[in-house]
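According to my numbering, the sequence shown holds residues 11 to 300 in order.
Glycine included, each C-beta is placed from N, C-alpha and C at the ideal position.
Keep in mind that this is a model prediction, so the values were computed, not measured.
Accompanying notes for the structure given below.
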Amino acid sequence: MIYGSIEAGGTKFVCSVADQELEIIERQSFPTTTPKETIGLVNGFFKEYAAELVGIGVGSFGPIDIHRDSPTYGYITSTPKLAWQNFDFVGTIKESFQVPIAWTTDVNAAAYGEYLFGNGSGLSSAVYYTIGTGIGGGAIFDGQFVEGFSHPEMGHMLIQPHPKDSFAGVCPYHGNCLEGVASGPAIEKRAGKKGQELDEEDAHWELIAYYLAQCAYNTTLMLSPDVIIFGGGVMKQRHVLNKVKTAFKQLLNDYVEVPDLDHYLVTPKLEDNAGTYGCLALAKEHQLHS
Ligand code: ADP
Ligand code: ZN
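If you want it as structure tokens, here you go:
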């Protein structure tokens, strides 16, 4: 029995196959171009495992339709990536592989990986944010994703601008929402160079930490999860997390008692593999229940 994982990101798709113990057997990534081209490569990857494949877990960029009774369940919906708007993702994969397909957002998948096997393991709840090309968040309580009429879009929460920051933000919908001011492209536009090229001492990091601290503050007061995990490319700057903790403490001002910050505000234990393991675990559970 083989489980498949598709992490569908805005820049690349990462496909993996694993055995029953979720040991990864093979992994490949493909650039995100058009559905025809990219899904063609995805199908090619899984084809040689088709006979043994029993389920696939997909974690996709979005927004996506997650409502089982909706006629567009399994679609990517209103993405700014025009070629992928209203793309029937699950339906298209099912045309090639008639196996159960678990379907969620990319960030929910990463959240699930950390919840089961990473820094959320053993806890009853976790919130995971990815700080990368965009900012997304996923929340899990007692093994269930938090969702209502749709999945959360926590990366677009409104935050207060730092008094020293006059940057208008890069979010095409909201300008200076969290994603608009603290995502990788926001850092690049404000600083004139990529986050990877900024020194640890660069003053821009104070701004980013201030915004991520507000994100942690809002998350704490709205959901009081057991842990908040910050992943994604921007968090490769390990020093940022300490600055976030300091700013978070100041903002919270001891209003509520929170878990020890070294265990409460963390980066992903599985690092870049959180999404893969999340998708694989979802594929396995979904297959067992279908
Ligand atoms: P994606 O969000 O596209 O899946 P990433 O999570 O790697 O991929 O996010 C890419 C963004 O993160 C880019 O804007 C990039 O500049 C930024 N980034 C990647 N690595 C680093 C790093 N080491 N330090 C700071 N920023 C980084
Ligand atoms: Zn926004």
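Practice item. Below 8 Å on the Cβ atoms is my guess for Met11 versus Val64; work out the distance and round it to an integer in Å. Key: Against the sequence shown, residue 11 aligns to sequence position 1. Against the sequence shown, residue 64 aligns to sequence position 54. About 5 Å separates the two Cβ atoms, so the contact holds.
Review point. Can you tell me whether DSSP reads Tyr4 as helix, strand or coil?
Key: In the structure as shown, the chain begins at 11 and stops at 300. Residue 4 is therefore absent and cannot be evaluated.
Exercise for review: Go through the residues and name those whose CB comes closer than 7 Å to any heavy atom of the ligand ZN, in chain order.
Suggested key: His166, Cys181, Tyr183, His184, Cys187, Glu189, Gly190
Review point. Are the CB atoms of Leu133 and Val276 nearer to each other than 9 Å?
Key: As a position in the sequence shown, residue 133 is number 123, starting the count at 1. As a position in the sequence shown, residue 276 is number 266, starting the count at 1. No, the Cβ-Cβ distance between Leu133 and Val276 is not below 9 Å.
Review point. Is the beta carbon of Lys246 within less than 8 Å of some heavy atom of the ligand ADP?
Key: The residue labelled residue 246 in the question sits at position 236 within the sequence shown. At least one heavy atom of the ligand ADP is nearer than 8 Å to the Cβ of Lys246, so yes.
Check your understanding: So the beta strand (DSSP E) Tyr274 belongs to, where does it begin and stop?
Key -> Here residue 274 is taken as the residue at index 264 of the sequence shown, counted from 1. It is not in any beta strand (DSSP E) - Tyr274 instead sits in the alpha helix (DSSP H) that spans 271-274.
Point to revise | Closest residue to Arg37 among Phe55, Gln206, Glu47, Lys22 (Cα-Cα distance) | key: Along the sequence shown, read from residue 1 onward, the residue named residue 37 stands at position 27. With distances taken between Cα atoms, Arg37 lies closest to Phe55.
Review point. Is it true that the CB of Ile239 sits closer than 9 Å to the CB of Val156?
Key: One-based indexing of the sequence shown puts residue 156 at position 146. One-based indexing of the sequence shown puts residue 239 at position 229. Contact flag unset, no.
Review point. Which residues bound the beta strand (DSSP E) around Ser26?
Key: Residue mapping note: residue 26 aligns to position 16 of the sequence shown, counting from 1. From DSSP, the beta strand (DSSP E) with Ser26 extends over 22-28.
Review point. When you compare each of Val27, Ala196, Asp79, Pro45 to Glu62 by their alpha carbons, which one comes out closest?
Key: For the purposes of this step, residue 62 is identified with residue 52 of the sequence shown, where counting begins at 1. When only C-alpha atoms are compared, the closest one is Val27.
Review point. Whose CA, out of Thr115, Ser176, Leu92, lies closest to the CA of Val100?
Key: Within the sequence shown, numbered from 1, the residue matching residue 100 stands at position 90. Here the closest residue by C-alpha is Thr115.
Practice item. Indicate, with yes or no, if the ligand ADP has a heavy atom lying under 8 Å from the CB of Pro195. Key: Position 185 of the sequence shown, counted from the start, is the residue given in the question as residue 195. Yes.
Review point. Would you say the beta carbon of Glu198 comes nearer than 8 Å to a heavy atom of the ligand ADP?
Key: The residue labelled residue 198 in the question sits at position 188 within the sequence shown. It does: the Cβ of Glu198 is within 8 Å (strictly closer) of some heavy atom of the ligand ADP.
Review point. What do you reckon, is the C-beta of Leu208 under 8 Å from a heavy atom of the ligand ADP?
Key: Within the sequence shown, the letter at position 198 stands for residue 208. Yes - the ligand ADP has a heavy atom lying nearer than 8 Å to the Cβ of Leu208.
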